[in-house]
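Enquirer: What follows is a structure written as structure tokens; I'll ask about it next.
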Amino acid sequence: MTDDSAQLFTTVTIGDLTLPNRIAMAPLTRNRAIQPNTVPSPLAPLYYRQRDAAGLLISEATQISQQGQGYAWTPGCYTDAQVEAWKPVTEAVHEDGGHIFLQLWHVGRISHTSLQPNGGAPVAPSAIAAKTKTFIESGKFAETSAPRALETSEIAAIVADYAHAAGCARRAGFDGVELHGANGYLIDQFLRDGTNKRNDEYGGPIENRLRFALEVVDAVLKVWPATRVGMRIAPVSPANDIADSNPTALFGALIEALSQRNLAFIHVVEGATAGPRDVAPFDFVALRRAFSGAYIANNGYTRALAIEAISQNRADMIAFGRPFIANPDLVERLRVDAPLAPGDQATYYGGGAEGYTDYPVWSAA
Ligand code: 8OZ
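With the working numbering as the guide, the letters of the sequence shown map in order to residues 2 to 366.
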């Protein structure tokens, strides 16, 4: 072990879990679920097991309902068949002594009628289409479909869908759940004034725009203890055409409310998702200080940046996403400072074992 990498290999407490290192695997959408029931792939247990030296694995984004789906072949965790198919994943990870949280996801407006129940319009806080594309079952990219605004009376059922999926995650043997509050999906759409133009109690001032996120958190906290619940946020990311006039005020207020609820962690996409870290000024150190739980940092971290952030106590864990695709043994490579394989974008989304479970581990030989 090189001296400085030792910083990444100290134990860390997340909620009530003591984890062996500071490296998390970020959620990675891989689009290999089995249609029409969006059951996780039979290769998923091997895929996660190959990567489970990470102190914490966060699953790929997983829809809480059919309405919550926005891309072809993403898995769900809301039916008995899906729960059964997730069990071998959690069992494989636990056999190795690893830990895995399920990421709970509702895409809101980032969807397409072909993926929605009865071919209907996707739902959103307001009827504003996202200028972005999604990936549909024809195997092609398509413009997202124009959404319809949710009726106030419909919101409670979506909150209940989160709680139901959180219960399914428990039955499937996950160690906890991460709420996907990042990247312009439904929770983020409610939070931001660029996508939330509602006149009811879910729109307008920050206090109202937080309401949906906090109702979801509170519903999930009836199923899981706060020690096993985290939220992923991306305060300045423009992902999926999201925008807000004052992310500092918005996320400051959110973090205060999450602290009051003793959430185990926030998982923060620093900068533009999968893009530049310096897309807009934002004081992530202040955000971390304001939060009572652990801070998992993500986005564009290299080994050197990760060591620096942990050494300077700017994060409790560092989540690596894309580097885990082609480097199943990323944890070991970071330990010994081995070169990283680049990965093949053509196999990121969809397909089978190729580019999923067939990446070799690094050998010093
Ligand atoms: C890449 C492709 C499709 C979805 C995210 C869940 O950005 C995603 C996602 C990433 O959070």
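Here a beta-carbon is modelled for each residue, glycine too, at the ideal position from N, C-alpha and C.
Could you check what DSSP says for Phe285 in three-state terms: helix, strand or coil?
Expert: helix
Enquirer: So does Tyr72 have its beta carbon nearer than 7 Å to some heavy atom of ligand 1?
Expert: yes
Enquirer: Can you give me the start and stop residues for the alpha helix (DSSP H) that Lys134 sits inside?
Expert: Element bounds for Lys134: not the alpha helix (DSSP H) but the beta strand (DSSP E), Lys134 to Phe136.
Enquirer: Hey, which residues come within less than 5 Å of ligand 1, measuring from Cβ to any heavy atom, in chain order?
Expert: Thr30, Ala62 and Asn184
Enquirer: Candidates Trp74, Glu144, Met26 and Lys134: which alpha carbon is nearest Ala55's?
Expert: Of the listed residues, the one whose Cα sits closest to Ala55 is Met26.
Enquirer: My parser needs the alpha helix (DSSP H) runs of 4 or more residues fully inside the stretch 175–252; what are they?
Expert: 187–192, 207–210 and 212–221
Enquirer: Please state whether DSSP places Phe353 in a helix, a strand or coil.
Expert: Residue identity differs from the one stated: residue 353 is Gly in this sequence, not Phe. It is coil, neither helix nor strand.
Enquirer: Which residues in the same chain as Phe191 place their Cβ atom closer than 7 Å to its Cβ, once the five residues preceding and following it in sequence are excluded?
Expert: Pro126, Asn197, Tyr203, Arg210, Phe213 and Ala214
Enquirer: In chain order, what residues of the same chain lie with their CB nearer than 7 Å to the CB of Arg149, ignoring the 5 residues before and after it?
Expert: Ala122, Val124 and Ala128
Enquirer: In chain order, which continuous runs of the alpha helix (DSSP H) of length 4 or greater are located wholly inside the stretch 106–178?
Expert: Within the stretch 106–178, the complete alpha helix (DSSP H) runs of at least 4 residues are 156–172.
Enquirer: With a cut-off of 8 Å, do at least 3 Cβ pairs link the stretch 65–79 to the stretch 36–46?
Expert: Contact between the stretch 65–79 and the stretch 36–46 is present, because at least three Cβ pairs lie under 8 Å.
Enquirer: Would Ala366 be called buried (16 or more neighbouring beta carbons within 10 Å of its own) or exposed?
Expert: The predicted model places Ala366 with a pLDDT of 45, which falls under 50 and marks its position as unreliable; any figure quoted below should be read in that light. Under this definition Ala366 is an exposed residue.
Enquirer: Beta-carbon within less than 6 Å of Leu116's beta-carbon, same chain only, minus the 5 sequence neighbours each way: which residues are those?
Expert: Gln70
Enquirer: Exposed or buried, which one is Thr12 when buried takes at least 16 other CB atoms within 10 Å?
Expert: With fewer than 16 Cβ atoms within 10 Å of its Cβ, Thr12 is classed as exposed.
Enquirer: Are there 16 or more other CB atoms within 10 angstroms of the CB of Pro46, so buried, or fewer, so exposed?
Expert: Pro46 is buried by the Cβ-count criterion.
Enquirer: So, helix, strand or coil for Gln104, using DSSP?
Expert: In the structure shown, Gln104 sits in a strand (DSSP, three-state: E or B).
Enquirer: Assuming Tyr49 and Leu58 are in contact, meaning their beta carbons sit under 8 Å apart, how far apart are those beta carbons, in whole angstroms?
Expert: 6 Å
Enquirer: Measure the beta-carbon distance from Glu1 to Gln104 and round it to whole angstroms, keeping in mind my assumption that it falls under 8 Å.
Expert: Nothing can be reported for residue 1: it is not among the residues displayed for the chain, which extend from 2 to 366.
Enquirer: Judging by CA-CA distance, which residue of Ala143, Ala227, Asp338 and Ala281 is the nearest neighbour of Leu259?
Expert: Ala227
Enquirer: Report the residue from Pro28, Ser6, Leu29 and Asp53 whose alpha carbon sits nearest the alpha carbon of Leu20.
Expert: Considering only alpha carbons, the answer is Asp53.
Enquirer: Return the CA-CA distance between Lys134 and Arg110, expressed in angstroms with no decimal places.
Expert: 11 Å
Enquirer: Exposed or buried, Ser312, counting other C-beta atoms within 10 Å across all chains shown (16 or more means buried)?
Expert: exposed
Enquirer: Taking Asp17 as the reference, give the member of Gly177, Ala307, Glu152 and Asp338 with the closest Cα.
Expert: Nearest option by C-alpha distance: Gly177.
Enquirer: DSSP state of Ala265, grouped into three classes?
Expert: Of the three classes helix, strand and coil, the one that applies to Ala265 here is coil, per DSSP.
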